[in-house]
Amino acid sequence: KAGVTQTPRYLIKTRGQQVTLSCSPISGHRSVSWYQQTPGQGLQFLFEYFSETQRNKGNFPGRFSGRQFSNSRSEMNVSTLELGDSALYLCASSLAMGSGANVLTFGAGSRLTVL
Amino acid sequence: GENVEQHPSTLSVQEGDSAVIKCTYSDSASNYFPWYKQELGKRPQLIIDIRSNVGEKKDQRIAVTLNKTAKHFSLHITETQPEDSAVYFCAAYTGGFKTIFGAGTRLFVKA
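Residue numbers (my numbering), protein chains in the order written: chain A, 231 to 345; chain B, 5 to 115.
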């Protein structure tokens with residue numbers, strides 16, 4: 231079956247602009263999580279969505295937002311871009327079976343460069 | 005808040021030697037501990053995981069151990085090969101729909 235698909239793969243923006251990234255999860259996966267990856271910082275949790283509801287959020291400013299659609303596809307938006315927002319944004323989908331294992335399957339990521 | 009510390013940040017071993025990566029978590033409610041491998045330019049992929057009711061799990065050359073009392077868990081790779089070179093991330097899941105990752109360990113296996 232198809233994996234997790236993220237678009238666009240690469241994008242360049244300038245400070246002050248906004249950006250929208252898209253993530254299509256594996257068919258049947260209803261949970262989508264977003265992570266920011268920067269060198270030396272590992273994977274920083276942004277937020278998680280399930281059935282169109284944000285169930286958890288990381289420690290990022292309000293400029294970072296997201297949403298999930300009824301088909302489980304998710305988007306994240308970053309407004310008023312700053313140089314420090316340059317990163318690889320990864321989304322991951324999972325079955326989210328509640329307690330117990332939460333196996334994440336990652337997309338290839340969207341690499342954002344802010345100039 | 006929840007935190008996962010991972011050591012070392014860089015590890016260099018000779019082919020055939022063993023490699024050990026250690027992690028510590030802060031949230032005692034954490035009940036699932038996966039390990040992901042990220043090769044250069046690729047996405048992280050799950051290589052092994054362990055649940056809180058298990059102390060050790062092995063899969064061929066890799067094994068994970070968990071000490072719930074000390075909130076420590078470790079990844080052990082034996083008979084390392086050049087293709088093991090990658091960044092390894094430990095993580096902890098509390099059941100609150102949030103997986104927290106360590107900062108990663110860059111493993112170099114020298115042929």
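Even glycine gets a Cβ: it sits at the ideal position worked out from N, Cα and C.
Can the beta-carbon of Glu278/A be found closer than 9 Å to that of Trp264/A? Yes; because the gap between Cβ atoms is below 9 Å, this pair is in contact.
Between the segment 242 to 276 of chain A and chain B, which residues of the former have CB atoms less than 9 Å from a CB of the latter, in chain order? Of all residues in the segment 242 to 276 of chain A, the ones placed with a Cβ closer than 9 Å to any Cβ belonging to chain B are Ser261, Ser263, Tyr265, Gln267, Gly270, Gln271, Gly272, Leu273, Gln274, Phe275, in chain order.
Which residues does DSSP pair with Gln49/B in a beta bridge? Bridge partners of Gln49/B: Lys41/B.
Comparing the C-beta of Phe290/A with each C-beta of chain B, is any distance below 9 Å? So no, Phe290/A is outside the interface.
Whole-number beta carbon distance between Phe101/B and Arg285/A, since they are thought to touch under 8 Å: 4 Å
Taking C-beta pairs closer than 9 Å, name the residues in chain B that Glu305/A reaches, listed in chain order. Near Glu305/A there are no residues of chain B at all, since even the closest Cβ is about 18 Å away, more than 9 Å.
Hey, is Leu111/B's beta-carbon within less than 9 Å of any beta-carbon in chain A? no
Does the contact criterion of 3 or more C-beta pairs under 8 Å hold for the segment 80 to 97 of chain B versus the segment 27 to 40 of chain B? yes
Comparing the C-beta of Ala326/A with each C-beta of chain B, is any distance below 9 Å? Yes, because at least one Cβ of chain B sits closer than 9 Å to the Cβ of Ala326/A.
Near Val113/B, what residues of its chain come up, given a Cβ to Cβ distance below 7 Å and the 5 sequence neighbours on each side ignored? Counting only Cβ-Cβ distances below 7 Å, and skipping sequence neighbours, we find Val17, Glu19, Thr84, Gln85, Pro86, Asp88, Ser89.
Taking any Cβ of chain A, which residues in the segment 50 to 79 of chain B have a Cβ under 9 Å from it, in chain order? Leu50, Asp53, Arg55
As a quick exercise: from Val58/B, Gly45/B, Arg65/B, Tyr40/B, pick the residue whose alpha carbon is nearest that of Ala23/B. Arg65/B
If the criterion is Cβ atoms closer than 9 Å, does the pair Ser302/A and Ser323/A meet it? Yes, these two residues count as a Cβ contact at 9 Å.
Cβ of Thr103/B less than 9 Å from any chain A Cβ? Closer than 9 Å: yes.
Three-state secondary structure (DSSP) of Leu334/A: coil
In three-state DSSP terms, what is Glu87/B? Glu87/B carries a helical assignment under DSSP once its states are collapsed to helix, strand and coil.
Roughly how many whole angstroms lie between the Cα atoms of Pro48/B and Asp31/B? 23 Å
Does any residue of chain A bring its CB to less than 9 Å from the CB of Lys46/B? yes
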